[in-house]
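Written below as structure tokens is the structure these notes are about.
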Amino acid sequence: AEDQVGAKPLHALLVANTPAAISLVMRVFIARPKLLLQEHGAGPFTGENSLHVLSANSREDELVELLEVAATKLSQTEQHSMLTAQTTGGFFDEAPMNFYGSTPLAYACVFSLKRVVRKMLDLGVTSLNADEMRCKISGFLPLHAVVANGLRHMYDWLIGESEEVDEDENEPALPLELRADSKMRVGEGRLDHLHRIKSCLPMQLAAQLGDRRMFIYLLRKQTAILWRWGPVTKYEIDLHGIDSAGETECDVMELIGLLSAKKETTMMLLDSFMKGFLHKLFMQKWYRYGALIHYVRVLFHVVYMVALLFLVFWLKADPLGVDRVNLPIFIGGVVAVLVEEELRIFYLWWRNQGGTFSTGFTKRQIIDGIAWLQLFQVDLQVAGFIASGIACSMLYLEASERFSLLHSRSLRGGAGMEDALLEEAGSMEGEAIEGYGSRGLHSVTLLLFSLAAFAEALLLTTALLIPFQRLGIFMLSVNRMLRNDILTFMVLFIAFILIFYFMMFTI
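Residue numbers (the UniProt record's numbering): 1 to 507.
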């Protein structure tokens, strides 16, 4: 029998958590051990069994007794089913339950029930590193759940580095074969807002969650003492999992730079955090090669901007004599180089996110990709390239039309027409330009060039100012205002302008 939320009678008694209720349940379980396999039915608590409830209520003595009963009265298949049961109901999607790891073994770890963990592992039907122990909600193994809850002493105990471990029954040491592997990464869970923690090592998980104390604690395990003089100690730090040159998107330097990073995570860049350790790493990368790459890209944008402005002013001042072939082709070539560079960088980002040609783009990667491109104003850049590309094409096609007409007349005239065609070319060019202007193409071309120049000016200004701390922050604030506040205002402004126009037109 189940109640309206899928709970069995024994589950209701366990949740009551009174001495009388627990005593009654224990007698039932000892008499009928197979009842330990009962799980909550459909509802908010789906998948939860009695071990979950007892662990959450820190009933360590009762759990140890029940596991001893299970070891003798249940088959290995039944023991395995009991220890790998996963809480999948909606109740467990919310914090903090979504960081408990779902399985009874993970729950025992999260609530620091060391004797229970040891008893579960001694059954020999599962382990701390088994894939079946991965939480379907978060992708955590028990060790990751311990990190997510900031349990430093439990982390050390699970990996066998606890200094307090002895052979006392309350602090049973884990033999080597039962210990957790600190190099195991977080798997993929079902919650979208947790997808960033996929592939994280324990230290990276602490950084992603903004737990700075846990991050420092785990980072110290990657340090070696070089020398010590009284109160002064010099350490050497292994940058594995920290440096952004790693193979996954979970390196700490990348996690800090995410748009979705928590405030506690981004604050790791401050000088007050580890005396500016992470900030110095970013600055080292910038001075070693980041600045060179940045300014080479800026140089291409400067060349593009100068060529674009030169063509626009020439077209405005001398529509008849402007170069309609070579300069547009040159601008197109520079645009091709810039587009190729953006595609290359985007491909590196996509590959770093786990994308391959065989799998294509997932919905999540598309959403993240759009956000990533907007971060670097690639959408504005593409809009500018499209505008300049259309304008250059209009100029080039106008020149091609003129040359095609001239060539066709030369073929019809035959030999001896060269001098006449040269005299006629000037008048034909004037006619072509006059027709070009009468069709309104000249104004359209100038408008497109002006839009392209405006977009490029915003990009170039940001690129030139971003290396400077104060000016860079100010420019980022201006860009955010233009993209959010001004854009919202323009929607209302255009609506009011249209209403005003129709009112004046009717009057």
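Using N, Cα and C, we set each Cβ at its ideal position, and we do this for glycine too.
Taking residue i as the reference, give the member of the options with the closest Cα.
| i | options | result |
| --- | --- | --- |
| residue 68 | 123, 470, 236 and 291 | 123 |
| residue 278 | 238, 75 and 176 | 238 |
| residue 121 | 82, 303 and 296 | 82 |
| residue 465 | 455, 177 and 476 | 476 |
| residue 454 | 388, 443 and 139 | 388 |
| residue 49 | 458, 38 and 327 | 38 |
| residue 155 | 181, 295, 86 and 32 | 181 |
| residue 157 | 128, 84 and 229 | 128 |
| residue 320 | 44, 398, 269 and 284 | 398 |
| residue 450 | 362, 305 and 501 | 305 |
| residue 240 | 456, 229, 200 and 370 | 200 |
| residue 483 | 376, 179 and 74 | 376 |
| residue 350 | 373, 332 and 339 | 373 |
| residue 147 | 363, 383 and 197 | 197 |
| residue 479 | 378, 243, 152 and 219 | 378 |
| residue 316 | 178, 161 and 445 | 445 |
| residue 43 | 72, 90 and 53 | 90 |
| residue 369 | 287, 348, 385 and 53 | 348 |
| residue 194 | 250, 242, 161 and 332 | 250 |
| residue 4 | 20, 266, 41 and 233 | 41 |
| residue 33 | 16, 79, 17 and 20 | 79 |
| residue 65 | 74, 119, 296 and 345 | 119 |
Which whole-angstrom value is the C-beta distance of residue i and residue j, which I expect to be below 8 Å?
| i | j | result |
| --- | --- | --- |
| residue 150 | residue 203 | In fact, because the Cβ distance is near 13 Å, the residues do not count as touching under 8 Å. |
| residue 24 | residue 13 | 6 Å |
| residue 458 | residue 380 | 6 Å |
| residue 159 | residue 134 | Not confirmed; about 18 Å, so no contact. |
| residue 103 | residue 88 | So it is not a contact: roughly 11 Å between Cβ atoms. |
Is the beta carbon of residue j closer than 8 Å to that of residue i?
| i | j | result |
| --- | --- | --- |
| residue 46 | residue 6 | yes |
| residue 26 | residue 2 | no |
| residue 298 | residue 334 | no |
| residue 111 | residue 145 | no |
| residue 224 | residue 235 | yes |
| residue 125 | residue 86 | no |
| residue 275 | residue 190 | no |
| residue 10 | residue 51 | no |
| residue 59 | residue 30 | no |
| residue 107 | residue 173 | no |
| residue 343 | residue 300 | no |
| residue 307 | residue 330 | yes |
| residue 532 | residue 314 | Only positions 1 to 507 of the chain appear in the structure, and residue 532 is not among them; the question remains open. |
| residue 340 | residue 384 | no |
| residue 460 | residue 390 | no |
| residue 269 | residue 256 | yes |
Going by the DSSP bridge assignment, what does residue i pair with across the sheet?
| i | result |
| --- | --- |
| residue 232 | 229 |
| residue 148 | Note: residue 148 sits in no beta bridge, so no partner. |
| residue 223 | 237 |
| residue 17 | Answer by DSSP bridge pairing: none, since residue 17 is not bridged. |
| residue 49 | 39 |
Review point. Given 8 Å as the limit, is there contact between the segment 258–270 and the segment 198–209, that is, 3 or more CB pairs closer than that?
Key: yes
Review point. Is the number of C-beta pairs between the segment 111–123 and the segment 87–98 that are closer than 8 Å three or more?
Key: no
**Study point:** Given 8 Å, three or more beta-carbon pairs between the segment 461–476 and the segment 389–400
**Key:** no
Check your understanding: Do the segment 182–199 and the segment 131–140 touch if we need at least three Cβ pairs shorter than 8 Å?
Key -> Segments in contact, yes.
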